[in-house]
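Take 1 as the starting number for the sequence shown in UniProt numbering and just add one per residue. For glycine and all other residues, C-beta sits at the position ideal for the given N, C-alpha and C. Small disclaimer: the values here were computed from a predicted structure and weren't measured.
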Amino acid sequence: MLSEYGEQKSTSISTAKRLAEFLGEDVIKDKGLCCRFVIANVPRDAPVTERAIPLAIFQSEQSIRNHYLRKWLRVSTVDNLDIREILDWNYYIERFNSCIQKIITIPAALQNIRNPVPRVPHPDWLHKRLVEKNSLYKQKRITDVFNSIDKQTLMDNNEERLAVTNDIEDIGEPTKSSIKFAKKITTKTLKRKRDEANDKTLTRQWRIVLGPPPAFGQTAGQHIKWLTYQKRKWELQNEQRQQPSVTSNNQQLSTKQKPATDGKIDTYIRRAAEHLHTRPWQIVSYELTDQPGIFKAWCLVEHEVVQIKIKVPRIFYVNYRTSIENSAEEQLKQTQRSTGYERTMSNCSKRVNRLLPRCSQAYHLYEYRLDENNFQDYYTDIMTDLSNPNIEGVYEMNVPLDFRLLLTLGCICSLRKEHYRTNMLSNLYQFDELELLSLSEQSYLQPGTLQCIYLYIHQDNGKLFIALFIPNNCRVFIGVLDSIRENQMPNLNKLLKNECEKRLQRGIDTNLLPINEHQFEVKVDMDVQNVWKRFNKIIAN
Numbered sequence: 001m002l003s004e005y006g007e008q009k010s011t012s013i014s015t016a017k018r019l020a021e022f023l024g025e026d027v028i029k030d031k032g033l034c035c036r037f038v039i040a041n042v043p044r045d046a047p048v049t050e051r052a053i054p055l056a057i058f059q060s061e062q063s064i065r066n067h068y069l070r071k072w073l074r075v076s077t078v079d080n081l082d083i084r085e086i087l088d089w090n091y092y093i094e095r096f097n098s099c100i101q102k103i104i105t106i107p108a109a110l111q112n113i114r115n116p117v118p119r120v121p122h123p124d125w126l127h128k129r130l131v132e133k134n135s136l137y138k139q140k141r142i143t144d145v146f147n148s149i150d151k152q153t154l155m156d157n158n159e160e161r162l163a164v165t166n167d168i169e170d171i172g173e174p175t176k177s178s179i180k181f182a183k184k185i186t187t188k189t190l191k192r193k194r195d196e197a198n199d200k201t202l203t204r205q206w207r208i209v210l211g212p213p214p215a216f217g218q219t220a221g222q223h224i225k226w227l228t229y230q231k232r233k234w235e236l237q238n239e240q241r242q243q244p245s246v247t248s249n250n251q252q253l254s255t256k257q258k259p260a261t262d263g264k265i266d267t268y269i270r271r272a273a274e275h276l277h278t279r280p281w282q283i284v285s286y287e288l289t290d291q292p293g294i295f296k297a298w299c300l301v302e303h304e305v306v307q308i309k310i311k312v313p314r315i316f317y318v319n320y321r322t323s324i325e326n327s328a329e330e331q332l333k334q335t336q337r338s339t340g341y342e343r344t345m346s347n348c349s350k351r352v353n354r355l356l357p358r359c360s361q362a363y364h365l366y367e368y369r370l371d372e373n374n375f376q377d378y379y380t381d382i383m384t385d386l387s388n389p390n391i392e393g394v395y396e397m398n399v400p401l402d403f404r405l406l407l408t409l410g411c412i413c414s415l416r417k418e419h420y421r422t423n424m425l426s427n428l429y430q431f432d433e434l435e436l437l438s439l440s441e442q443s444y445l446q447p448g449t450l451q452c453i454y455l456y457i458h459q460d461n462g463k464l465f466i467a468l469f470i471p472n473n474c475r476v477f478i479g480v481l482d483s484i485r486e487n488q489m490p491n492l493n494k495l496l497k498n499e500c501e502k503r504l505q506r507g508i509d510t511n512l513l514p515i516n517e518h519q520f521e522v523k524v525d526m527d528v529q530n531v532w533k534r535f536n537k538i539i540a541n
């Protein structure tokens, strides 16, 4: 009964009370009342519990419906009101997104699968958990370094470790203790050159080399087969006892021959790779290189600016009216293409599901990804094939590569975990190896992360003028190459102040002008090498 809930608030309780207003108090006296309601978008500032409207009101007479809707919605007119106009769509979208997160996106993220529904973002707590789960510096549990093993395998391993060698006379006698005390280790001189096949045999267990042992059997032939197997087993075990000393000598020899700097270089490369792979890349600029489809990106990683190259493919979509296999067979009968073109086109397409522009129907939609070099080389053949009447439409073929790069990766991206590298010998990354990071996960270029400088160079008739502005500390370094070592520069602070006043009069924003007083350091030199050396030292510091 409703009276049992007291002062509690919920959408069902509000619906029951409103049902009692226009249907009578009798409907809430019995148990099992079914409350069907919708959430309205008015009153705007009211909580959700006060915006629950029972569906039964829309089935009542118009006068009763208008009276109670004006009362509950707090609006002046409700004539010809459509229920779709008062629904709180944001509330239902949020509820629907929560269901998608619970059923699809959260389980996918916990299985290291990319978000199948990008329009439904992951919650903040899930992003934090994924970062902790995929961190390279996460401390492992002690149970992670152990594995379960069955009893039979454990007994076999113990037998190999203790190197039990039974004689044929021991058969039929009570089993003796298999534990043997370790013998005194002696140094033996072995040949430097050993048979390569023999080395591989020694490193493997005798059970892997010989296979499962045969049964002792009842006949003489079975006894001989069993004894031959045991002799070979004893030989392998004897050789394996001597193998550790050989391995130790080889390790000492390789340690002496290893350069002293290898460890430091390997450590530096490994740390650089981890630093680049585990940190987000804040893109400062994209630049097109001389190679088609390859862009140079300047990225801020932590506090370092690094240069990487990104290979962007040409991506376009083709909507076929029939299956691509059938159309390809018919086209091959009509036209003959080069082997390179056929191989390129056959390995670059896959069927996808996309929403086409202008609500066009996707019959058999395929995505093509081509290297820009191949796209330019085979452009004529591609356009000829795309004129096939079986094709309903072609989409995104003329999208510029730089626009696709900006649209897909944005200003912050990172390397996918499955594409981590162990070395940094190549700074070329494929387009599919990177993924976009939203600004909610990582802020872009926080204040103080970049230090900007302005460099001006002018050269004329054997004379050189260089000015380096450092806005952070209001310092200006000026270098002049002249035939005489004499400083003839005027008062530069006065010149700068006059120039700023002129621009202020023209309406230029004060934030764009260096209003503060600057410290100028002028040096005149007769040797161009000294001028460049000075500025290289300033920039390095």
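Over the uninterrupted alpha helix (DSSP H) stretch that includes residue i, give me the two end residues.
{"i": "Gly340", "result": "Thr339 to Ser346"}
{"i": "Cys299", "result": "Run containing Cys299: none in the alpha helix (DSSP H); it sits in the beta strand (DSSP E), Ile294 to Val301."}
{"i": "residue 545", "result": "No answer is possible for residue 545: the residues shown for the chain start at 1 and end at 541."}
{"i": "Gln519", "result": "Taken as a continuous stretch (DSSP letters only), Gln519 belongs to no alpha helix (DSSP H), being part of the beta strand (DSSP E) at Gln519 to Asp525."}
{"i": "Ser63", "result": "Gln62 to Leu73"}
{"i": "Glu85", "result": "Ile83 to Ile86"}
{"i": "Tyr379", "result": "Tyr379 to Asp385"}
{"i": "Leu23", "result": "Thr11 to Leu23"}
{"i": "Gln529", "result": "Val528 to Ala540"}
Going by the DSSP bridge assignment, what does residue i pair with across the sheet?
{"i": "Pro213", "result": "DSSP, once it has assigned bridges, lists no residue as partnering Pro213."}
{"i": "Arg314", "result": "Leu370"}
{"i": "Ala52", "result": "Ile39"}
{"i": "Tyr429", "result": "Ile310"}
{"i": "Asn319", "result": "Leu365 and Gly393"}
{"i": "Ser414", "result": "Glu435"}
{"i": "Ser349", "result": "Tyr368"}
{"i": "Glu304", "result": "Val301"}
Looking at the unbroken beta strand (DSSP E) that takes in residue i, where does it start and where does it end?
{"i": "His364", "result": "His364 to Leu370"}
{"i": "Ile457", "result": "Tyr454 to Asp460"}
{"i": "Pro107", "result": "Premise fails: Pro107 lies in the alpha helix (DSSP H), Ile106 to Leu110, not in any beta strand (DSSP E)."}
{"i": "Leu401", "result": "Taken as a continuous stretch (DSSP letters only), Leu401 belongs to no beta strand (DSSP E), being part of the alpha helix (DSSP H) at Leu401 to Leu409."}
{"i": "Leu288", "result": "Trp281 to Leu288"}
{"i": "Glu499", "result": "Glu499 -> not in any beta strand (DSSP E); alpha helix (DSSP H) instead, spanning Leu492 to Gln505."}
{"i": "Ala467", "result": "Lys463 to Ile470"}
{"i": "residue 584", "result": "In the structure as shown, the chain begins at 1 and stops at 541. Residue 584 is therefore absent and cannot be evaluated."}
For residue i, I'd like the list of residues in its chain whose CB is within less than 6 Å of its CB, leaving aside the five on either flank, ordered along the chain.
{"i": "Tyr368", "result": "Phe316, Cys348 and Ser349"}
{"i": "His458", "result": "Phe465"}
{"i": "Val476", "result": "Phe469, His518 and Phe520"}
{"i": "Lys9", "result": "Thr49"}
{"i": "Ile538", "result": "Phe477"}
{"i": "Leu236", "result": "Trp206"}
{"i": "Arg70", "result": "Val78"}
{"i": "Gly172", "result": "With a pLDDT of 48 at Gly172, under the threshold of 50, the predicted position of this residue should be treated as unreliable, and no value is reported."}
Return yes when the Cβ of residue j is within less than 8 Å of the Cβ of residue i, no when it is not.
{"i": "Pro116", "j": "Ile104", "result": "yes"}
{"i": "Leu434", "j": "Ile412", "result": "no"}
{"i": "Phe22", "j": "Ser60", "result": "yes"}
{"i": "Leu445", "j": "Leu356", "result": "no"}
{"i": "residue 544", "j": "Thr322", "result": "Lying before the first or after the last residue shown, residue 544 is absent from the chain, which here runs from 1 to 541."}
{"i": "Ala40", "j": "Ile86", "result": "yes"}
{"i": "Lys523", "j": "Gly462", "result": "no"}
{"i": "Thr339", "j": "Tyr378", "result": "no"}
{"i": "Arg351", "j": "Tyr366", "result": "yes"}
{"i": "Asn427", "j": "Lys311", "result": "no"}
{"i": "Leu409", "j": "His277", "result": "no"}
{"i": "Asn511", "j": "Cys474", "result": "no"}
Could you check if residue i is buried or exposed, using at least 16 other CB atoms within 10 Å of its CB as the buried criterion?
{"i": "Gln282", "result": "buried"}
{"i": "Ala215", "result": "exposed"}
{"i": "Trp125", "result": "exposed"}
{"i": "Phe375", "result": "buried"}
{"i": "Arg84", "result": "exposed"}
{"i": "Ala297", "result": "buried"}
{"i": "Trp206", "result": "buried"}
{"i": "Gln251", "result": "Caution is warranted here: a pLDDT of 47 is assigned to Gln251, below 50, making its placement in the model unreliable, and no coordinate value can be reported."}
{"i": "Arg314", "result": "buried"}
{"i": "Ser346", "result": "exposed"}
{"i": "Leu401", "result": "buried"}
Establish whether the CB of residue i and some CB of chain D are separated by less than 8 Å.
{"i": "Glu486", "result": "Absent here is chain D; the protein component of the structure consists of one chain."}
I'd like the list of long-range same chain contacts for residue i, defined as Cβ closer than 7 Å, with 5 residues on each side in sequence excluded.
{"i": "Phe37", "result": "Thr11, Thr15, Ala52, Ile53, Pro54 and Leu55"}
{"i": "Tyr5", "result": "Ile13"}
{"i": "Lys184", "result": "Legend: pLDDT at Lys184 = 45, less than 50; position of this residue unreliable, no value from coordinates given."}
{"i": "Arg18", "result": "Pro54 and Trp72"}
{"i": "Tyr363", "result": "Asn319, Tyr320, Arg321 and Glu392"}
{"i": "Leu253", "result": "Its pLDDT being 43, under 50, Leu253 is placed unreliably in this model, and the value from its coordinates should be taken loosely. Here the set comprises nothing."}
{"i": "Ile106", "result": "Leu126"}
Looking only at its chain, what residues have a beta carbon closer than 8 Å to the beta carbon of residue i, apart from the 5 residues adjacent to it on each side?
{"i": "Ala109", "result": "Asn115, His122, Leu126 and Leu130"}
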